[in-house]
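Number of protein chains: 2
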Amino acid sequence: MESRIERIKKQLHNANYKLTPQREATVRVLLEHEEAHLSAEDVYLLVKEKAPEIGLATVYRTLELLTELKVVDKINFGDGVSRFDLRQEGAAHFHHHLVCIECGAVDEIQEDLLGDVEQIVEDRWNFQIKDHRLTFHGICWRCSGEAAEDAERT
Amino acid sequence: MESRIERIKKQLHNANYKLTPQREATVRVLLEHEEAHLSAEDVYLLVKEKAPEIGLATVYRTLELLTELKVVDKINFGDGVSRFDLRQEGAAHFHHHLVCIECGAVDEIQEDLLGDVEQIVEDRWNFQIKDHRLTFHGICWRCSGEAAEDAERT
DNA sequence: TTTTGTGCAAAGTATTTGCAGCGAA
DNA sequence: TTCGCTGCAAATACTTTGCACAAAA
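Sequence order for the protein chains is A and B.
This note's numbering numbers the first residue of the first sequence as 1 and each following residue consecutively.
This note's numbering numbers the first residue of the second sequence as 1001 and each following residue consecutively.
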């Protein structure tokens, strides 16, 4: 079977771009940290471990390119930085996120929960949906578990 | 009946803050541009028309304060700036947005369409939802209308 | 040789912070 | 007088850009 990186290489070629060593290193970092929601700086530091000559600007340019090709999605959780998430292969839509306001953890929901809602929006607002962003802010199971334990102790 | 600005004043006082002239001017600008999704810079320029002495830093500080008090919600549509939306009084949740990728218009959906989805997330992921952000990117009715007209002409 | 991609440094934006002065309590 | 608030300027943080050079087609 064809590897994920091979398929990304083809996507680049189809759009007339090359998979240069720098781009490959960047993509590999993203593949190795699938659910990490890395910022450009995070990616840069990780890529630098394997390919120390790489420049930060190249990482930014690569991430921008991958965003254009919809290999990754760019997302912003409200701290000042953009984060980059690999899109699941074949996923019609970007996945959802759960951001914990206690511990800062970000969990992913791969299932598409918006089918019905999107139908309503398309019909009622006459809006052709191409993409979406859905993020819930609240308290994750780890933190509410801890709170329960704390209560028990007292 | 008590005015909206009066109620905001009370909210400030309850949290031990004053409604200074600068803060009042800022709030008034927000009230007068309810659906405009203003950036801090936008607010600053509008406030300056009424109160030219005001500084940009004060606007940033005021918007931060209002965000803390949940008078406004801070949102980011993926261009590098934060935008500030007055929260509807009594609204349990932040409203949703439709961002047009053709013309850049941002429309609001005040209805809460996420009730069922939130129930699923709370149950299935054991996550206590406190707030949400939902934005659809696509083509608005104005732009798809124009496209249809363009097609007719040819 | 033409084009594409890269690293570095500089430039841009957006936002935050330090600080001296001001004004209300 | 005290303390919160402000304006200004400087600092910071993130991202983009210009440019000379390198690599690939």
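Where a beta carbon is used, it is the ideal one built from N, C-alpha and C, also for glycine.
Residue(s) in a DSSP beta bridge with residue i
i, result
"Val99 of chain A", "A:Val106, A:His137"
"Gln128 of chain A", "B:Ile1139"
"Leu86 of chain A", "A:Val72"
"Ser1003 of chain B", "None, per the DSSP bridge assignment."
"Leu1038 of chain B", "B:Phe1084"
Whole-number beta carbon distance between residue j and residue i, since they are thought to touch under 8 Å
i, j, result
"His1096 of chain B", "Leu1113 of chain B", "7 Å"
"Val1047 of chain B", "Val1072 of chain B", "Not really, about 14 Å apart at Cβ, beyond 8 Å."
"Val1121 of chain B", "Phe77 of chain A", "Going by Cβ atoms, the distance from Val1121 of chain B to Phe77 of chain A rounds to 17 Å, so no, they are not a contact pair."
"Leu134 of chain A", "Leu1134 of chain B", "5 Å"
Sequence-distant residues of its chain with Cβ nearer than 8 Å to residue i (five each side left out)
i, result
"Asp1079 of chain B", "none"
"Cys1140 of chain B", "Leu1098, Cys1100, Glu1102, Cys1103, Ala1105, Asp1107"
"Thr1067 of chain B", "Asp1073, Lys1074, Phe1084"
Assigned exposure category for residue i - 16 Cβ within 10 Å defines buried
i, result
"Gly138 of chain A", "buried"
"Cys1103 of chain B", "exposed"
"Ala92 of chain A", "exposed"
"Arg153 of chain A", "Residue placement at Arg153 of chain A is poorly supported in this model, since its pLDDT is 49, which falls under 50; the coordinates are not used for a value here."
"Leu31 of chain A", "exposed"
"Val1117 of chain B", "buried"
Proximal residues to residue i (C-beta, below 7 Å), its chain only, five neighbours per side dropped
i, result
"Tyr1017 of chain B", "Leu1065"
"Cys1143 of chain B", "Cys1100, Glu1102, Cys1103"
"Gln1110 of chain B", "Gln1088, His1095"
"Glu1035 of chain B", "Glu1108"
Residue j beta carbon less than 8 Å from that of residue i
i, j, result
"Val106 of chain A", "His37 of chain A", "yes"
"Ser1039 of chain B", "Arg1087 of chain B", "no"
"Thr1062 of chain B", "Arg1124 of chain B", "no"
"Tyr44 of chain A", "Val59 of chain A", "yes"
"Ile1101 of chain B", "Lys130 of chain A", "yes"
"Leu98 of chain A", "Phe1127 of chain B", "yes"
"Ala25 of chain A", "Ile54 of chain A", "yes"
"Pro21 of chain A", "Ala51 of chain A", "yes"
Neighbourhood of residue i by C-beta distance below 6 Å, restricted to the same chain and skipping five residues each side
i, result
"Lys9 of chain A", "Leu19"
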